[in-house]
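Start counting the sequence shown at -16; every next residue gets the next number (our numbering). For reference, the structure is listed below as structure tokens.
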Amino acid sequence: MKTSSAGFTLIELMVTVMVVALLAAVAIPSYQNAMVKNRRAAAKAYLSDIAQRQQQYLMDARAFATTTTALKAPPPAEVATYYQVAIEVGSALPPTFTATATPIAGGAQVGDGALSISSDGTRLPANKW
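Set out below in structure tokens:
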């Protein structure tokens, strides 16, 4: 008499585990890169908003604001979690400013680098904008 056994052999299970591991090795870095780009896009949008608000603030106060609080533009959670935003105001005439989003040390965005926008519209680094 023949007995039939239902189930998987060790080889079949090992092949399945290898296929899943291969898919994960490809999918996880792609997902992480997509998240870095997503967070960078949020920071760029926030910096652009700051630049726009600075121009409005200049018209009202005849100077640029030195903080995001003065602009009434706190960083959204998706930016504040990964970036520290600072505004530097120049003392020359005409007035100038540079808003910079620097990745928080030890965070997921550290390898992406800082983003900045200035009063003359310069966006650095150019390859990230």
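Beta carbons are placed, not taken as given, at the ideal position from N, Cα and C, and that holds for glycine. Values in this document were obtained by computation on a predicted structure and should not be read as measured data.
Item                                                                                                                          : Value
Rounded C-alpha distance that separates residue -3 from residue 7                                                             : 15 angstroms
Segment contact, 8 angstroms Cβ cut-off, at least three pairs: the region 49 to 59 with the region 22 to 40                   : yes
Under the three-state DSSP convention, the category residue 67 falls into                                                     : strand
Contained alpha helix (DSSP H) runs [length at least 4] in the region 25 to 65, N- to C-terminal order                        : 60 to 63
Where residue 80 falls, given that 16 or more other Cβ within 10 Å makes a residue buried                                     : buried
Spatial neighbours of residue 59 in its chain, beta-carbon cut-off 8 angstroms, leaving aside the 5 residues before and after : 25, 29
Under the three-state DSSP convention, the category residue 74 falls into                                                     : coil
Closest residue to residue 90 among -8, 73, 66 (Cα-Cα distance)                                                               : 66
Residue 80 - containing beta strand (DSSP E), residue span                                                                    : 79 to 86
Residue 0 to residue 17 span [Cα, whole Å]                                                                                    : 25 angstroms
Residues that DSSP places opposite residue -7 in a beta bridge                                                                : Paired residues: none, contrary to the question.
Cβ-based burial, residue 76 [other Cβ within 10 Å; buried from 16]                                                            : exposed
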